[in-house]
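**Q** In terms of the working numbering, the sequence shown opens at residue 2 and continues consecutively. For each residue, glycine too, the CB sits at the ideal point set by N, CA and C.
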Amino acid sequence: MHADPNDMPAIRDMLHDILRNDPAPQHLDIQLGDVDQGRVVMTMPIAEHMANSHGMSHGGYLFTLADTTLAYCCATAGSRVVTRNAEITFVAPAHSGETVTATATRRVSFGRNQICDVVLEAGGRVVAYFTGQGTTPPARRGKEF
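1. May I ask you to list the residues that DSSP assigns as paired with ARG107?
2. Suppose the cutoff is 7 Å on Cβ atoms and the five residues either side in sequence are ignored; what does the same chain contact list for ARG108 look like?
3. Out of ASN114, THR100, PRO138 and VAL42, state which residue places its alpha-carbon closest to the alpha-carbon of ARG126.
4. Using three-state DSSP, classify GLY133 as helix, strand or coil.
5. Rounded to the nearest angstrom, what separates GLU88 and PHE64 at their Cα positions?
6. Just mark ASP148 as buried or exposed, buried being the case when its beta carbon has 16 or more other beta carbons within 10 Å.
7. Any idea which residues DSSP pairs PRO138 with across the strands?
8. What number of angstroms, rounded off, separates the C-alpha of VAL36 from the C-alpha of PRO24?
9. For a test of the three-state rule: what should DSSP assign to PRO46, helix, strand or coil?
10. Please determine, among CYS74, LEU66, GLY61 and MET9, the residue with the shortest C-alpha to C-alpha distance to LEU121.
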């Protein structure tokens, strides 16, 4: 699946198509928000079953939201992307009943690779910072990935 990176309506349509066929974000009720070239916003409500033994959102769910937002941000360049590497720093807890908003911004592109920063916020506070690298895999014979 590819789209002209200069055609933002086509990019938005591509991202919505990806989301419709992306089981993990669907299962977590991750929603696609604002989309601009090199910038994407996604949200995820924190359900009770997402809490850890401390009563706050398990970090794995926050990582999944950030990772997903990174991939969709990189895809604004016109092609699907997978994450090559990533790092997250947890700053404050997110709690059940809150909605976490992830804002990804592309910082640099080189070859098939892109580096993005993702800021996660809930209840008016930053809960995590995430930096990752997405890459467009080379096409395999007969398949895009």
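**A** Result, derived from the coordinates:
1. CYS117
2. Cβ neighbours of ARG108 beyond the five flanking positions: ILE116, CYS117 and ASP118.
3. When the alpha-carbon of ARG126 is set against those of ASN114, THR100, PRO138 and VAL42, the nearest one is in THR100.
4. strand
5. 9 Å
6. The structure shown does not extend to residue 148, since the chain spans only 2 to 146, so no value can be given for it.
7. PRO138 pairs with nothing; no bridge assigned.
8. 20 Å
9. Here PRO46 sits in strand by DSSP.
10. LEU66
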